[in-house]
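J.: Chains as they are written, first to last, in my numbering: chain R, 1 to 326; chain Z, 327 to 652. Every residue gets a Cβ at the ideal spot worked out from N, C-alpha and C, and that includes glycine. The structure presented is a predicted model; accordingly, all values stated were derived computationally and were not measured.
2 protein chains.
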Amino acid sequence: MEDKILLEHGSGAKKTRELIEDLFVNKFNDEKIVDEDAALIYDGKLAFSTDSFIIEPEFFIGGNIGKLSVCGTANDLVVRGAKPKWMSVSFVISEGYPMDKLQAITDSMAKTAKDAGIAIVTGDTKVIARKDFSGIMINTSGIGEIIHATSIKTIECGDVIIISGSLGDHSATILALREGIYLENSVESDCAVLYPMLESIIMQDIRMFIRDITRGGLTSILYEISIATGFGSEISEENIPVKPAVKELCDIMGLDYLGMANEGKVIICVKPQLADIVLDELHRSELGKDAAIIGHITDVHNKVLLHKKNKEVIILTEHTNIPRIC
Amino acid sequence: MEDKILLEHGSGAKKTRELIEDLFVNKFNDEKIVDEDAALIYDGKLAFSTDSFIIEPEFFIGGNIGKLSVCGTANDLVVRGAKPKWMSVSFVISEGYPMDKLQAITDSMAKTAKDAGIAIVTGDTKVIARKDFSGIMINTSGIGEIIHATSIKTIECGDVIIISGSLGDHSATILALREGIYLENSVESDCAVLYPMLESIIMQDIRMFIRDITRGGLTSILYEISIATGFGSEISEENIPVKPAVKELCDIMGLDYLGMANEGKVIICVKPQLADIVLDELHRSELGKDAAIIGHITDVHNKVLLHKKNKEVIILTEHTNIPRIC
Chain R
1 MEDKILLEHG SGAKKTRELI EDLFVNKFND EKIVDEDAAL IYDGKLAFST DSFIIEPEFF
61 IGGNIGKLSV CGTANDLVVR GAKPKWMSVS FVISEGYPMD KLQAITDSMA KTAKDAGIAI
121 VTGDTKVIAR KDFSGIMINT SGIGEIIHAT SIKTIECGDV IIISGSLGDH SATILALREG
181 IYLENSVESD CAVLYPMLES IIMQDIRMFI RDITRGGLTS ILYEISIATG FGSEISEENI
241 PVKPAVKELC DIMGLDYLGM ANEGKVIICV KPQLADIVLD ELHRSELGKD AAIIGHITDV
301 HNKVLLHKKN KEVIILTEHT NIPRIC
Chain Z
327 MEDKILLEHG SGAKKTRELI EDLFVNKFND EKIVDEDAAL IYDGKLAFST DSFIIEPEFF
387 IGGNIGKLSV CGTANDLVVR GAKPKWMSVS FVISEGYPMD KLQAITDSMA KTAKDAGIAI
447 VTGDTKVIAR KDFSGIMINT SGIGEIIHAT SIKTIECGDV IIISGSLGDH SATILALREG
507 IYLENSVESD CAVLYPMLES IIMQDIRMFI RDITRGGLTS ILYEISIATG FGSEISEENI
567 PVKPAVKELC DIMGLDYLGM ANEGKVIICV KPQLADIVLD ELHRSELGKD AAIIGHITDV
627 HNKVLLHKKN KEVIILTEHT NIPRIC
């Protein structure tokens, strides 16, 4: 292991997994901490998850750090098969932080939580000197009631891989703003609470895996599946929805949307016979209208393959050089 | 309200309460967020709390930021009358942070949690560029099973005020280290999980209020009691346990131990007839061996009085100039 923390340890990809395994899982002695986005507690009745948010810029098209912090933790519960119910919020704010920005952030958190039926019930506020940090960090932790627990461990060979919509919208929005890049096509963050879109799917008593496609992007999740199950996967570029603005930004910055973070998209793995039911339910929601089958789970361990539009087949590698945006 | 965040907003005293009321409680619409250290959820069966920790220095006599982060959140659950059961941990670490320090911190968290019967079940890790922040921040959120819910609202006029031990140990330890002050007397942080000390008291089915005496110190809690209940309080200086090293540091730095934070001390309010039972239970524990009755609740709203050793009686004011140490 390295003797210092590297930015790459926060990429959401391989180095993050190694750090978590070495420093946390083996000590805290709970495998749930690495394989799933939320832990099951209280005899499996509840899901529990946590996430900290520091982003630059804090305000963006489609949201702000406040909305993001509610959506991010809520979605970690939702993809575990839970209805998010209670949330804590902890602020670390730098001295001199403008009160009107803080107001706008808390307004946004309150509205997002209320709209999603989530009660923000407890909190903490720390103020630190400007010399130590400038800006705001928000931690949210959430508890949800399990409706039908999903798990990465239940994935089987032959399962189809569905994604709920276009990839890279949140990353592209943040990166274009941060780098001052003008895009000809418009894009906004997909930041949203996904419970309404997924409720009817979770309520069906079927074996499935759901994961929100955040830090590390789609490629990292496909590798996580491989590590957790021993299977591989194949996906087809031509079936993956992606917006023109995201492609444009990827061309300019040399990035790959398969490794970029989203804040309102999920991957779902189910057996082929149920794919149409899941797709139909996703298509009913505005958030899932572009949902598509993009590939399937194979029996080739640790091989994550992409069929490109030019018929070439490549082995995907995890991207660790994409700037963190959540 | 000010147009910018001030350091004072993080003092744990009046300005913190104002900020929380203005920005959070009124929006998130849940009074629990301000009056109690933990919220009751799931039909009152569970307590839920959160806390973020950034301290300098991160390692001190009696603990480190890791131990502190487990104790702090655990104690917020305990004082609400719950047995802490599950915890999340979220790290924000600066690029370049030494891995051996991170190892020592997570070792300490794992041991503290394990010793207290708490399972760390879920987590998050973010790495940020050194230019933005240098060091480590830890958020812990915890869930406990309610044994007998305590509440500030149940305090009655005439209740005795008990504290579980000497005040200011944690603050004095941190401040002496931070300022490079040599103390003739030794002191170490009182950082500890308080469930073992309080279990037998919580299990008794009696009306009581318990609060850990952290940021803002004893004085702030006495004002919180006044705001929440409409009562006042009187305490006697001669009955308040305080260590020679803490007095020494207070003399050097011009601080008041009544406003200083602790990480292993509580205040308990119960009716006079039960005071001896509570004291006896506290005295059984090494952590509570110096527990003492220091005063009582009065019917004079918003008057927090201190009977000094020289027979003078003064009205205590909240301290907002004491450096934050947790």
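Using Cβ-Cβ distances below 7 Å, what residues of the stretch 535-553 of chain Z are close to chain R?
T.: Cβ contacts with chain R come from no residue of the stretch 535-553 of chain Z.
J.: Buried or exposed: where does Lys-265(R) fall if 16 or more other Cβ atoms within 10 Å of its Cβ makes it buried?
T.: Lys-265(R) should be labelled buried.
J.: Could you check the C-alpha separation between Leu-19(R) and Tyr-423(Z) for me, to the nearest Å?
T.: If you take the alpha carbons of Leu-19(R) and Tyr-423(Z), they lie about 13 Å apart.
J.: Counting beta carbon pairs with one atom in the stretch 219-233 of chain R and one in the stretch 168-181 of chain R, are three or more of them shorter than 8 Å?
T.: They do not touch, by the three-pair rule.
J.: Quick check: the Cα distance between Ser-200(R) and Gly-144(R), rounded to an integer number of angstroms?
T.: In a straight line, the C-alpha of Ser-200(R) is about 16 Å away from that of Gly-144(R).
J.: Tell me the DSSP secondary structure of Gly-621(Z) in three-state form.
T.: It is a strand residue.
J.: Should Gly-542(Z) go down as buried or exposed, given a rule of 16 or more other Cβ atoms within 10 Å for buried?
T.: Per the 10 Å Cβ criterion, buried.
J.: Is it the case that the stretch 62-81 of chain R contacts the stretch 33-43 of chain R, given that we only count it when at least three CB pairs across the two stretches are under 8 Å?
T.: Output reads yes: the stretch 62-81 of chain R touches the stretch 33-43 of chain R.
J.: Anything in chain Z within Cβ reach of Gly-81(R), meaning under 9 Å, just list it in chain order.
T.: Those do not exist, as Gly-81(R) stays about 15 Å from chain Z at its closest Cβ, beyond 9 Å.
J.: Give the straight-line distance between the Cα atoms of Lys-573(Z) and Ala-400(Z), rounded to the nearest whole angstrom.
T.: Their backbone Cα atoms lie some 28 Å apart in a straight line.
J.: Who are the neighbours of Glu-98(R) on chain Z, taking C-beta pairs under 9 Å?
T.: For the sequence presented, residue 98(R) should be read as Pro rather than Glu. Asp-329, Lys-330, Ile-331, listed in chain order.
J.: Which residues does DSSP list as the beta-bridge partners of Ala-373(Z)?
T.: According to DSSP, Ala-373(Z) bridges with Leu-366(Z), Gly-470(Z).
J.: Looking at the secondary structure, which residues open and close the beta strand (DSSP E) in which Thr-122(R) lies?
T.: It spans 119-128 - the beta strand (DSSP E) in which Thr-122(R) sits, taken as one unbroken run.
J.: Using a 10 Å radius around the Cβ and a threshold of 16 neighbouring Cβ atoms, would you call Tyr-508(Z) buried or exposed?
T.: Exposed, because fewer than 16 other Cβ atoms sit within 10 Å of the Cβ of Tyr-508(Z).
J.: Can you tell which of Met-534(Z), Arg-456(Z), Gly-389(Z), Glu-421(Z) has its C-alpha closest to the C-alpha of Met-435(Z)?
T.: The residue with the shortest Cα to Cα distance from Met-435(Z) is Gly-389(Z).
J.: List, in order along the chain, the chain Z residues whose C-beta lies closer than 7 Å to that of His-319(R)?
T.: Within chain Z, no residue comes near His-319(R); the closest Cβ sits about 16 Å away, beyond 7 Å.
J.: If we count Cβ pairs, one from each stretch, closer than 8 Å, do we get three or more for the stretch 489-497 of chain Z versus the stretch 453-461 of chain Z?
T.: With a cut-off of 8 Å, the stretch 453-461 of chain Z and the stretch 489-497 of chain Z do not count as touching, because too few Cβ pairs lie within range.
J.: If contact means a Cβ-Cβ distance below 8 Å, which residues of the stretch 246-274 of chain R contact chain Z?
T.: Within the stretch 246-274 of chain R, no residue qualifies.
J.: Ser-337(Z) to Glu-550(Z), Cα distance in whole Å?
T.: Going from the Cα of Ser-337(Z) to the Cα of Glu-550(Z) covers about 14 Å.
J.: With a Cβ-Cβ cutoff of 8 Å, do Met-425(Z) and Ile-5(R) count as a contact?
T.: Yes, the Cβ-Cβ distance between Met-425(Z) and Ile-5(R) is below 8 Å.
J.: Determine the direct distance from the alpha carbon of Ser-220(R) to that of Leu-305(R), and round the result to whole angstroms.
T.: If you take the alpha carbons of Leu-305(R) and Ser-220(R), they lie about 13 Å apart.
J.: Among residues of its own chain, excluding the 5 on either side of Leu-520(Z), which ones have a beta-carbon nearer than 6 Å to its beta-carbon?
T.: Asn-401, Val-404.
J.: Can you name, in chain order, every residue of its own chain whose Cβ lies under 7 Å from the Cβ of Met-1(R), other than the five neighbours on each side?
T.: Only Asp-22 meet the Cβ criterion.
J.: Does the distance from the C-beta atom of Asp-205(R) to that of Ser-416(Z) stay below 8 Å?
T.: Not closer than 8 Å, so no.
J.: Is Ser-189(R) closer than 8 Å to Ile-61(R) when the C-beta atoms are compared?
T.: In contact: Ile-61(R) and Ser-189(R) (Cβ atoms closer than 8 Å).
J.: Out of Glu-234(R), Val-270(R), Leu-167(R), Val-278(R), point me to the one whose CA is closest to Asp-299(R)'s CA.
T.: The shortest Cα separation from Asp-299(R) among Glu-234(R), Val-270(R), Leu-167(R), Val-278(R) belongs to Glu-234(R).
J.: From what residue to what residue does the beta strand (DSSP E) around Arg-537(Z) run?
T.: Counting along the chain, the beta strand (DSSP E) containing Arg-537(Z) begins and ends at 535-538.
J.: Just to make sure I have the definition right: I need the residues of chain Z whose C-beta is within less than 8 Å of the C-beta of Thr-50(R). Which are they?
T.: What Thr-50(R) touches in chain Z: Ser-414, Val-415, Ser-416, Thr-448, Gly-449, Asp-450, Asn-465, Ser-467.
J.: Just the C-alpha distance for His-474(Z) and Leu-366(Z), rounded to the nearest angstrom, thanks.
T.: The alpha-carbon atoms of His-474(Z) and Leu-366(Z) are separated by roughly 11 Å.
J.: I'd like to know if Val-453(Z) contacts chain R, where contact means its C-beta is closer than 8 Å to some C-beta of that chain.
T.: At least one chain R Cβ lies under 8 Å of Val-453(Z).
J.: According to DSSP, what are the bridge partners of Leu-306(R)?
T.: Partner(s): Ile-235(R), Ile-314(R).
J.: Alpha carbon to alpha carbon, how far is Lys-32(R) from His-283(R)?
T.: Low per-residue confidence applies at Lys-32(R): pLDDT is 49, beneath 50, and the placement is therefore not dependable, though the value from the model is reported in the following sentence. Whole-angstrom Cα-Cα distance: 31 Å.
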